[in-house]
Amino acid sequence: MRTTSNPAFRNLPQQGGYADFDRQAGAFGAGAAAADARASQSGFGPAATSDRRLTTDDVVIKTAITGGVALAAGIATALSGAFVLTLPAFIVGFVVSLIVIFKQSTNPALVLIYSAAMGVALGGITGALELSGTQFEGIGFQAVVGTVGVFIGMLIVYKTGAVKVTPRFTKWLIGAIVGVVVLMLVNLVVSFFTTGGLGLRDGSPIAFLFSIVCIGVAAFSLLLDFDQADRAVKAGAPAKFAWYIAFGLMTTLVWLYIEILRLLSYFRN
Numbered sequence: 109m110r111t112t113s114n115p116a117f118r119n120l121p122q123q124g125g126y127a128d129f130d131r132q133a134g135a136f137g138a139g140a141a142a143a144d145a146r147a148s149q150s151g152f153g154p155a156a157t158s159d160r161r162l163t164t165d166d167v168v169i170k171t172a173i174t175g176g177v178a179l180a181a182g183i184a185t186a187l188s189g190a191f192v193l194t195l196p197a198f199i200v201g202f203v204v205s206l207i208v209i210f211k212q213s214t215n216p217a218l219v220l221i222y223s224a225a226m227g228v229a230l231g232g233i234t235g236a237l238e239l240s241g242t243q244f245e246g247i248g249f250q251a252v253v254g255t256v257g258v259f260i261g262m263l264i265v266y267k268t269g270a271v272k273v274t275p276r277f278t279k280w281l282i283g284a285i286v287g288v289v290v291l292m293l294v295n296l297v298v299s300f301f302t303t304g305g306l307g308l309r310d311g312s313p314i315a316f317l318f319s320i321v322c323i324g325v326a327a328f329s330l331l332l333d334f335d336q337a338d339r340a341v342k343a344g345a346p347a348k349f350a351w352y353i354a355f356g357l358m359t360t361l362v363w364l365y366i367e368i369l370r371l372l373s374y375f376r377n
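Reminder that position 15 of the sequence shown reads as 123 in the numbering used here, one-by-one numbering, no gaps.
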């Protein structure tokens with residue numbers, strides 16, 4: 109049985125300023141990647157007789173709703189200048205994500221709270237970055253377009269079978285995610301004691317390369333998420349788990365957005 113890098117899917121029904129941006133987004137990116145790196149066995153049992161079975165439309169609609177909520181919250185935060193909400197919103201989102209994961213909750217209210225909180229956090233980072241210099245104007249829009257583009261591109265890759273989600277592929281990708289998370293956390297810790305940390309987030313050629321690697325790993329993580337959702341539908345999981353799958357996809361998209369935003373900031377800077 110294949111595993112998933114996304115912690116959300118482990119609980120589906122079982123058969124068995126620029127400097128400020130660098131510090132804040134570094135912590136958020138590591139947190140999002142760490143949440144996405146936990147791996148476990150995953151299988152899906154059929155829905156009870158009284159429950160409606162999960163469909164692809166359920167997953168698409170719920171994912172669109174959660175993504176729309178995050179986008180709206182992010183835009184509102186960036187335009188209002190309420191950047192002080194960035195850290196509190198991230199904390200709320202992180203706590204809610206733990207509740208959803210460990211309580212195996214399919215409560216749509218919790219999923220939407222997570223999406224709204226992370227939207228506020230990312231909107232705060234983006235808004236503060238855009239106001240830190242004219243060279244960053246419009247970077248948020250570009251990051252959103254890039255994230256959506258990667259999502260659609262990887263969905264096409266998955267549906268066409270251009271890249272097969274095999275056990276070997278899953279094993280290598282999870283290893284890559286864990287490695288990236290460890291490097292992020294070490295770099296973050298070292299940055300508190302030395303300027304630039306390990307040089308992974310200072311705009312140097314190494315930082316460019318590391319950001320591209322992170323974007324690639326996050327993008328390919330979407331393939332694992334799509335595979336888990338696809339198998340849940342085929343196994344006839346309860347329709348309510350569409351919210352849970354949407355939550356899982358959001359954790360990956362949050363990480364992907366942060367990495368794309370960072371890479372764009374390097375080019376702008």
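We put the CB at the ideal spot given by N, CA and C, even for glycine.
Query	Result
Alpha helix (DSSP H) segment containing Ser329, residue limits	Pro313 to Lys342
Whole-angstrom C-beta distance between Ala229 and Val204, which should lie under 8 angstroms	Between Ala229 and Val204 the Cβ distance is about 12 angstroms, and since that is not below 8 angstroms, they are no contact.
Arg68 (DSSP reduced to helix, strand or coil)	Nothing in the structure corresponds to residue 68, since the chain is present only between 109 and 377.
Boundaries of the alpha helix (DSSP H) in which Gln250 is found, first to last residue	Ile247 to Thr268
One or two residues paired with Arg161 in a DSSP bridge	Pro346
Cβ-Cβ separation, Thr360 to Leu330 (assumed contact under 8 angstroms), whole Å	6 angstroms
Three-state class that DSSP yields for Val273 in the structure shown	coil
Test item: CB-CB of Ala315 and Asp166 under 8 angstroms	no
Check whether Ile247 and Leu237 have beta carbons under 8 angstroms apart	yes
Under the three-state DSSP convention, the category Phe301 falls into	coil
Rounded straight-line distance, which links the Cα of Gly176 to that of Val258	17 angstroms
Close-in-space but distant-in-sequence residues of the same chain around Gly201 (CB under 7 angstroms, 5 per side omitted)	Tyr222, Ala225, Met226 and Ala229
Backbone secondary structure at Gly235 - three-state DSSP	helix
Alpha-carbon to alpha-carbon, Pro313 and Val289	20 angstroms
Gln336, buried or exposed, once every other Cβ within 10 Å from all chains shown has been counted against 16	buried
Pairwise C-alpha distance: Leu364 and Phe254	As written in the sequence, residue 254 is Gly, which differs from the Phe given in the question. Gly254 and Leu364: Cα-Cα distance of roughly 9 angstroms.
Exposed unless 16 or more other CB atoms sit within 10 angstroms - verdict on Ile199	exposed
Phe198 - containing alpha helix (DSSP H), residue span	Thr194 to Phe210
Through-space distance from Ala345 to Ile323, alpha-carbon basis	31 angstroms
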